[in-house]
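Those protein sequence lines, which keep their order, are chains A and F.
Going by my numbering, the residue at position 30 of the first sequence is 30; the numbering climbs one at a time, nothing skipped.
Going by my numbering, the residue at position 235 of the second sequence is 235; the numbering climbs one at a time, nothing skipped.
Structure first, commentary second.
Number of protein chains: 2
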Amino acid sequence: MLTTERHQLILDLLKEKQSIKIQELVELTSASESTIRRDLTELEDLQKLERVFGGARRIAQNMPEPSLSDKAAKHLSEKLRIARYAASLVQTGDAIFIDAGTTTAQMIPLLKDKDVTVVTNGLSHLEALTEHGITAYLTGGFIKARTGALVGPQAIQSLESYRFDKSFLGVNGLHIDHGFTTPDPEEAAVKRRAGELAKSCYVLTDQSKYGQVSFAHIFNLSEAALIIDGLPEETVEEIERQTTIKVVTQ
Amino acid sequence: MLTTERHQLILDLLKEKQSIKIQELVELTSASESTIRRDLTELEDLQKLERVFGGARRIAQNMPEPSLSDKAAKHLSEKLRIARYAASLVQTGDAIFIDAGTTTAQMIPLLKDKDVTVVTNGLSHLEALTEHGITAYLTGGFIKARTGALVGPQAIQSLESYRFDKSFLGVNGLHIDHGFTTPDPEEAAVKRRAGELAKSCYVLTDQSKYGQVSFAHIFNLSEAALIIDGLPEETVEEIERQTTIKVVTQ
DNA sequence: TACAAAATCAATCATAATCTTTCATAAGCA
DNA sequence: TGCTTATGAAAGATTATGATTGATTTTGTA
């Protein structure tokens, strides 16, 4: 049986069953347990399902969207890889700031059992945070409807109540000379302060942002560690001369 | 049976039954008592239910899905009448605080064309606020999963950034001697401060709360105007001797 | 009210099931 | 052939489960 056939079978079954056991799939496909496990892991990376102990569960598919394009899927797994590395840096008991944004959002499910305290300015993170029982505080501020981020002087004022072990920020531009940038000046201000209030500040981004310069300057490369993926090695070396960097490859 | 399947089953049952015994679940799932206990403990940690001796109980968050009962509907129209009067007090250009809660929520659509600035600590208000294009600020703070309210010192600290023309608060208890009360001390503290920071403070409640005393004291009757509905006239007169009051009848 | 019996509870332990990692083999392809 | 990818199997770690114990709470009865 072809790999893609198994994948399709699994997804079809989950359209009807809400959840399914690995053993059932082993019998249905007469593939080995290992293979089914790999299938489930891959489908989870594509956010087609959620793995649970003993099987898999249908993910909230309130989006009537068809399947993701290959490019988007690749982007997604890239974000996931970055998020996985970022989450691995978080230790039990840490107090962390998680910036609004889709890349940082991927981190949240991975923090479930770390007993962390999370502060965020991202309204869209709330559902995942409460869903996974993570202790969470929200900054105040003006609600930027488009991004669901809380910004403005009140957001920054809110931040002053906290000190973080680690801050995880998303950015739109990453440039050797111009540092980290993002389109919105108010969001940039929040990111900047969140970074300053942390012992360690990490910027999460994918390689498509390298060389880009967006409108609002956050801070320079040397003021944060960078978690990125997929850059050619000579580029990495060039950046490493100017900043602390972490690179997750493959 | 998968762990998540049991969890889902339990939650589904609680959508219809309000409470359920452990022994029932043992029979339904043919899992051991220990396992069911663990399930309930985990779901309680996620604020999905409340453990009681012998079983578990639904919490306010997961209301039963089906249409509103007649009684609840009546309750709703009562809330709506109260909200309508409250909204009629709001003038163009006002800056107001709207407390978390279902009664105050009814006000939001009625503010659409008033060009108001709203500050709220209620996460569940956000959708309506953005949908109606109302300029909104959110207080920061700890997320109380059950009510979707932001509370704690950080929430109060957030409030200090603002001054309101009017504050609209919800309460659970209303008593001649014991004033306004609500079950949660942290929410009470937020309400109190929000009231203090406004030129005028209005409390919205339905007549079922009259004579009730909840745990946490907010402030006394004389410190706010009361918007209520459906009280007998002699009761109204009795209260009017002790406080400023607005009564919306029918 | 007091007291005993029954039910329920939290904590612990051993076992079974499942998971991750690793390695070796097989299959597809230039 | 040489290279990549998919597969299955196995070892050791992790997690879920069911049974047991003694403590706690509720219930029944006087």
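The beta-carbon is built from N, C-alpha and C at its ideal position, and this holds for glycine as well.
Applying the 10 Å Cβ sphere with the 16-neighbour rule, what's the burial state of residue i?
i, result
"A:A188", "buried"
"F:R241", "exposed"
"F:I156", "buried"
"F:N172", "buried"
"F:F53", "exposed"
"A:K15", "exposed"
"F:A56", "buried"
"F:Q154", "buried"
"A:L158", "Per the sequence shown, residue 158 of chain A should be read as Ser rather than Leu. Looking at its Cβ environment, which holds 16 or more other Cβ atoms inside 10 Å, A:S158 is buried."
"A:A60", "exposed"
"A:G93", "exposed"
"F:K209", "buried"
"A:G140", "buried"
"F:G211", "exposed"
"A:M63", "For A:M63, the pLDDT reaches just 47, beneath the cut-off of 50, and the residue's location in the model is therefore unreliable, although a value from the coordinates is still provided. Flag for A:M63 reads exposed."
"A:P66", "Bear in mind that the predicted position of A:P66 carries a pLDDT of just 43, short of 50, making it too unreliable to give a figure here."
"F:E58", "One detail in the question is off: residue 58 of chain F reads as Arg in this sequence, not Glu. It is buried - the Cβ of F:R58 has at least 16 other Cβ atoms within 10 Å."
"A:S69", "Summary for A:S69: the model assigns pLDDT 49, below 50, so the residue's position carries little reliability, and this model does not support an answer."
Measuring CB to CB, does residue i end up less than 8 Å from residue j?
i, j, result
"A:S19", "F:E5", "yes"
"F:G170", "F:L226", "no"
"F:V118", "F:I134", "yes"
"F:R192", "F:I176", "no"
"F:A87", "F:L126", "no"
"A:S214", "A:P183", "yes"
"A:K21", "F:L231", "no"
"A:A149", "A:G122", "yes"
"A:Y165", "A:K199", "Contrary to the premise, residue 165 of chain A reads as Asp rather than Tyr in this sequence. Their beta carbons are under 8 Å apart, which means A:D165 touches A:K199 by this criterion."
"A:T130", "A:A100", "no"
"A:L46", "A:L40", "no"
"A:E44", "A:R51", "yes"
"A:G195", "A:E223", "yes"
"F:L13", "F:T29", "no"
Among the candidates the options, whose CA atom is the shortest distance from the CA of residue i?
i, options, result
"F:T243", "F:Q106, F:H217, F:F180, F:D184", "F:F180"
"F:S124", "F:K144, F:K114, F:L76", "F:K144"
"F:L80", "F:D12, F:T102, F:I96, F:G55", "F:T102"
"F:V116", "F:Q91, F:T104, F:G140", "F:Q91"
"A:H262", "A:C201, A:A216, A:K246, A:D99", "This structure gives no information on residue 262 of chain A, because the portion of chain A shown stretches from 1 to 250."
"A:V137", "A:R146, A:P232, A:T147, A:Y162", "Position check: residue 137 of chain A holds Tyr in this sequence, whereas Val was assumed. Among A:R146, A:P232, A:T147, A:Y162, the Cα nearest to that of A:Y137 belongs to A:Y162."
"F:R84", "F:E238, F:Q8, F:A105", "F:A105"
"A:T82", "A:L25, A:F168, A:T29, A:V236", "The residue you asked about is not Thr; residue 82 of chain A is Ile in the sequence shown. That would be A:F168, whose Cα lies nearest to the Cα of A:I82."
"A:S77", "A:D99, A:L11, A:M107, A:V236", "A:M107"
"F:H132", "F:L25, F:D113, F:E233", "F:D113"
"F:D206", "F:G140, F:S222, F:V236", "F:V236"
"A:I245", "A:Y210, A:K209, A:S208, A:Y202", "A:Y202"
"A:N220", "A:L174, A:I10, A:L11, A:L9", "A:L174"
"F:A128", "F:P109, F:R146, F:F142", "F:P109"
According to DSSP, which residues form a beta bridge with residue i?
i, result
"A:D229", "A:V248"
"A:K21", "A:G55"
"F:T205", "Its beta-bridge partners do not exist; DSSP assigns none."
"A:Y137", "A:V119, F:F142"
"A:K112", "According to DSSP, A:K112 bridges with nothing at all."
"A:Y210", "A:L174"
"A:T182", "A:A216"
"F:L49", "None, per the DSSP bridge assignment."
"F:V151", "F:F142"
"A:A198", "A:F164"
"A:I98", "A:T120, A:F168"
Can you pull the chain F residues whose beta carbon is under 7 Å from the beta carbon of residue i, in chain order?
i, result
"A:Y210", "Result: empty, since nearest Cβ-Cβ is about 33 Å, beyond 7 Å."
"A:G55", "L2"
"A:L123", "L126"
"A:L150", "L138"
Find the residues of chain F that neighbour residue i, judging by a C-beta separation of less than 8 Å, and give them in chain order.
i, result
"A:S161", "G140, P153, Q154, Q157"
"A:I143", "L126, L129, T130, A136, Y137, L138"
"A:V52", "L2, T3, T4"
"A:K21", "L2"
Residue i versus chain A: which residues are under 9 Å apart at the beta carbon?
i, result
"F:L46", "T130, E131, H132, G133"
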